[in-house]
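Residue numbers (my numbering), protein chains in the order written: chain A, 112 to 525; chain B, 65 to 306. The next block holds one structure in the form of structure tokens; read it before the comments.
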Amino acid sequence: MNVGRPVAVVKRVVADLNVARGERMNIGRVVAVVKRVFADLNHDKRTVGLIVIVPLLFMLAFGFAFQGDVRDVRVLVVNDDNGGGLGNASISDRVIANLDTATLTVDSATNESAAVAEVQNGKAYAVIVFPTNLTETVYGTAAQPPLAAQANPPGIIAINPQAKVSIRVLADKSNTEVSRAIITAVNAAVLKTADENGQSQRLSVDTTGAIYGLNARFIDFFCPGIVCLAIWNLTTLLTLQAFVGEREIGTLQRLFASPLRESELVAGYSIAYGTLGVMQAGLLLAVGVLLFNVIIVGNIILAFATIALLAIVSQALGILLSSVAHSQREAGEFMPFLMLSAVLLSGIIWPIEAIPVWLRPASYLIPTTYAVEAVRSVMMRGWGLSMIWVDIVALLVFAITFLVLAVIMLKKRE
Amino acid sequence: MVKDYIETIDLEKSFGGLQAIDKFTLRVKKGEIFGLLGPNAAGKTTLIKILCSLLMPTGGAAYVLGKRVPDRHIAPLIGYMPQELALYTNVSVHENVEFYGAIFGLSKDQILKRERELLRLIDLEAHTKAIVHNLSGGMQRRVSLACALLHEPPLLFLDEPTVGVDPQLRMSFWDYFEGLKDGGTTILITTHYMDEARRCDRVGFMHAGKLIAEGSPHELLDLTHTDSLEDAFLILSREERG
Ligand SMILES: Nc1ncnc2c1ncn2[C@@H]1O[C@H](COP(=O)(O)OP(=O)(O)O)[C@@H](O)[C@H]1O
Ligand SMILES: [Mg+2]
Numbered sequence: 112m113n114v115g116r117p118v119a120v121v122k123r124v125v126a127d128l129n130v131a132r133g134e135r136m137n138i139g140r141v142v143a144v145v146k147r148v149f150a151d152l153n154h155d156k157r158t159v160g161l162i163v164i165v166p167l168l169f170m171l172a173f174g175f176a177f178q179g180d181v182r183d184v185r186v187l188v189v190n191d192d193n194g195g196g197l198g199n200a201s202i203s204d205r206v207i208a209n210l211d212t213a214t215l216t217v218d219s220a221t222n223e224s225a226a227v228a229e230v231q232n233g234k235a236y237a238v239i240v241f242p243t244n245l246t247e248t249v250y251g252t253a254a255q256p257p258l259a260a261q262a263n264p265p266g267i268i269a270i271n272p273q274a275k276v277s278i279r280v281l282a283d284k285s286n287t288e289v290s291r292a293i294i295t296a297v298n299a300a301v302l303k304t305a306d307e308n309g310q311s312q313r314l315s316v317d318t319t320g321a322i323y324g325l326n327a328r329f330i331d332f333f334c335p336g337i338v339c340l341a342i343w344n345l346t347t348l349l350t351l352q353a354f355v356g357e358r359e360i361g362t363l364q365r366l367f368a369s370p371l372r373e374s375e376l377v378a379g380y381s382i383a384y385g386t387l388g389v390m391q392a393g394l395l396l397a398v399g400v401l402l403f404n405v406i407i408v409g410n411i412i413l414a415f416a417t418i419a420l421l422a423i424v425s426q427a428l429g430i431l432l433s434s435v436a437h438s439q440r441e442a443g444e445f446m447p448f449l450m451l452s453a454v455l456l457s458g459i460i461w462p463i464e465a466i467p468v469w470l471r472p473a474s475y476l477i478p479t480t481y482a483v484e485a486v487r488s489v490m491m492r493g494w495g496l497s498m499i500w501v502d503i504v505a506l507l508v509f510a511i512t513f514l515v516l517a518v519i520m521l522k523k524r525e
Numbered sequence: 065m066v067k068d069y070i071e072t073i074d075l076e077k078s079f080g081g082l083q084a085i086d087k088f089t090l091r092v093k094k095g096e097i098f099g100l101l102g103p104n105a106a107g108k109t110t111l112i113k114i115l116c117s118l119l120m121p122t123g124g125a126a127y128v129l130g131k132r133v134p135d136r137h138i139a140p141l142i143g144y145m146p147q148e149l150a151l152y153t154n155v156s157v158h159e160n161v162e163f164y165g166a167i168f169g170l171s172k173d174q175i176l177k178r179e180r181e182l183l184r185l186i187d188l189e190a191h192t193k194a195i196v197h198n199l200s201g202g203m204q205r206r207v208s209l210a211c212a213l214l215h216e217p218p219l220l221f222l223d224e225p226t227v228g229v230d231p232q233l234r235m236s237f238w239d240y241f242e243g244l245k246d247g248g249t250t251i252l253i254t255t256h257y258m259d260e261a262r263r264c265d266r267v268g269f270m271h272a273g274k275l276i277a278e279g280s281p282h283e284l285l286d287l288t289h290t291d292s293l294e295d296a297f298l299i300l301s302r303e304e305r306g
């Protein structure tokens, strides 16, 4: 090693530091820079608006969307409890009366298989089954005469002091947040009932059963949402920027003076971005499955088809938005709105069931709501087209509307 | 057959309060090279865009190849080189040529044949595979011109085709334009360069949306008793204002 060279390096570094020390700041020039930034803003009301509106929107949207607890979830009660001869004082009736009716909308079903079928069809989220011997076992007494008037119901003679009994909750666990809320509500009702009569040792809640999503973790629930969010955001933004770019650089002008029809242009973009969407989704799902062991129960082709449809909706929206954005920078300003709408309102993280009722209509105006619902149902519930067709129709309506509007917008001549 | 390939009658175009084209009446005959001259914001680009069905007139009428514009049916018959670059800059020269060729319905063989001919003309034969944004501004203009000529249209609209192109190559462009003209092609061209204007059959001076004078370069020089078109333009626009 040559000593001269490291020394030269050290000298150079020191020289650099000296230059930095010589950096005398002139307050007048600093003020000039500050003034220029504000002068710029003064001429750019759009950015000022953005600076004010976006944070406000974030605050309001997060505040309202996350403020809500899960609400109005329909559950079915199958009450086989014979009441142990206690009539109205039966444990099942008390637990049912103690269920939180803000969280749950409780309906009764005649038998378990009919109730399970309703959940399988997506008409309810859970079945709560009260077994025949519930009250008997809890009180440890069979066919005692009703003693409801007494302050403490009789626990006189235990038929079998070891006997235990469970209320079973069969939930659709494909929506982990909703199923957690149901289980919490049932547990709370049971605890409250036990508190009221001090007979808790023999009663438990069995939540191991699931109609869908047995062993589902949050990531299983989240994965379809992430895929849809990524496609929605990226595809919209990419087409938006592509079209703004085509306008700026003049290729769009050249195309409009050529035999190419606007509809052909939009169709070309749709096919390209639909394909890209499927490829992105394939990549994301592969990572989900290989790295996070995400479970896919249903027909993956159907999931991909739904995602392709979402990509087509998104790219058509991108083309539409390009008529309002005049530069790449203005195009970027749509990003927070796209992101917010999808993350908060379309059930990606936070279930629609937990969005305040007055805000829910907004959810149904966002295409990702339908895509997330459909893809999640396919992946976690194994639903087929016959079950998700409503979502597919909704996406088709969005697609056709946006595509037609995009063509009309492109055809418009100043 | 239509003799006037371009005809405008009291054509007007306003953007809000701004009159970009003002009572503009012009005829361009088949087989002519017509040069539009005028300072920035005179309305040259706006006029070409109306003729290419890209903008709606707000008054008067314009006919291209005998059809009143806007009319998409004439699109296959016109070649348009916009003032902007109008190329896909992230892809190669060849890919641009291929794309625009396909849009105009050319077969693969036709595209390859035209590409060879045109790249020789614009002196970029060695750059077929080059990515457009790596080319110099002048080279990019040349590629843009090639893309407008691909489908051998009988009517050409060239909006400042020679900006940033070096003088020697500009002259070879003009030799080519004259060759096209001899083959029956009609050309409407805008330019800043007075030496180019001299090579037009007819020239129109444009100022603030109006056609202030029009004729062969000789006629315009005689009219103003000058020997340069530059001076002729200055005199005429002063008269117009004064
Ligand atoms: N889309 C538009 N909106 C508003 N004003 C425009 C538009 N296009 C052109 N103009 C205005 O019309 C006038 C003529 O512009 P242009 O035709 O581009 O002139 P030239 O090509 O001769 O430089 C200019 O004042 C320009 O600012
Ligand atoms: Mg111009």
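Each residue gets a CB set at the ideal place from its N, CA and C atoms; glycine is no exception.
Beta-bridge annotation (DSSP): B:Leu-220 is paired with B:Gly-143, B:Ile-251. In this chain, A:Leu-476 is not harboured by any alpha helix (DSSP H), its DSSP state being neither H nor E. Of the other Cβ atoms in all chains shown, fewer than 16 fall within 10 Å of the Cβ of B:Ile-73; this residue is therefore exposed. Here the region 505-516 of chain A makes no contact with the region 346-363 of chain A; the two share fewer than three CB pairs at distances below 8 Å.
For B:Met-120, the nearest CB of chain A lies under 8 Å from its own CB, placing it at the interface with that chain. For B:His-137, the number of other beta carbons within 10 angstroms of its own is below 16, and it is reported as exposed. Residue pairing by DSSP places A:Asp-283 opposite A:Tyr-323 in a beta bridge. Per the coordinates, the alpha-carbon of A:Gln-364 lies some 22 Å from the alpha-carbon of B:Gly-102. With 5 Å as the limit between CB and the heavy atoms of ligand 1, the residues that fall short of it are B:Phe-79, B:Ala-84, B:Asn-104, B:Ala-105, B:Ala-106, B:Gly-107, B:Lys-108, B:Thr-109, B:Thr-110. For A:Leu-371, the residues of chain B that pass the 7 Å Cβ criterion are Ile-167, in the order they occur in the chain. For A:Asn-190, the enclosing beta strand (DSSP E) covers residues 184-190. In chain order, Thr-72, Leu-75, Leu-275 place their CB closer than 6 Å to the CB of B:Phe-88, counting only its own chain and leaving out the 5 sequence neighbours on each side. Put simply, the CB of B:Ile-85 is far from chain A, with every gap to its CB atoms at 8 Å or more. Inclusion of B:Gln-147 in the 7 Å shell around ligand 2 follows from its C-beta lying nearer than that to a non-hydrogen atom of the ligand. Rounded to the nearest angstrom, the gap between the Cα atoms of A:Val-120 and B:Gly-201 is 41 Å.
A:Gly-179 has its alpha-carbon roughly 10 Å from the corresponding atom of A:Phe-173. For A:Ile-342, the three-state secondary structure derived from DSSP is helix. The alpha-carbon of B:Asp-68 is positioned some 17 Å away from that of B:Gly-124. Around A:Ile-382, no beta-carbon contact reaches into chain B at under 7 Å, the shortest distance being about 15 Å. A direct Cα-to-Cα measurement between A:Arg-524 and B:Phe-168 gives close to 22 Å. Within the region 330-363 of chain A, those residues whose Cβ lies closer than 7 Å to any Cβ of chain B are, in chain order, Ile-360, Gly-361, Thr-362.
Straight through space, the alpha carbons of B:Leu-111 and B:Glu-304 are spaced by roughly 20 Å. Cβ-Cβ distances below 7 Å link A:Val-217 to Val-186, Val-188, Ile-207, Leu-210 in the same chain, with the five nearest sequence neighbours on each side left out; the list follows chain order.
In the DSSP assignment, B:Arg-206 falls within the unbroken alpha helix (DSSP H) covering 201-213. Within a 10 Å sphere around the beta-carbon of A:Pro-472 sit fewer than 16 other beta-carbons, which makes this residue exposed. The Cβ atoms of A:Ala-465 and A:Val-181 lie closer than 8 Å to each other. Between A:Ser-474 and A:Ser-457 a beta carbon distance of about 6 Å is seen, short of the 8 Å cut, so the two are scored as contacting. Identification of chain A residues near B:Ser-117 by a Cβ-Cβ cut-off of 8 Å yields Phe-367, Ala-368, Arg-524, ordered along the chain.
DSSP places A:Arg-524 outside any alpha helix (DSSP H), giving it a letter other than H or E. Here B:Gly-273 is near B:Ile-85, since their CB atoms are less than 8 Å apart. Put simply, the backbone Cα of B:Lys-131 is about 52 Å away from that of A:Leu-168.
Taking the C-beta atoms as reference points, A:Ile-460 is found nearer than 8 Å to A:Gly-336. Taking 8 Å as the cut-off, the Cβ atoms of A:Cys-334 and A:Leu-421 do not count as close. If you check the C-beta of B:Asp-259 against ligand 2, you find no heavy atom less than 7 Å away.
The way I'd put it, the region 239-252 of chain B does touch the region 219-231 of chain B; three or more beta-carbon pairs between them come closer than 8 Å.
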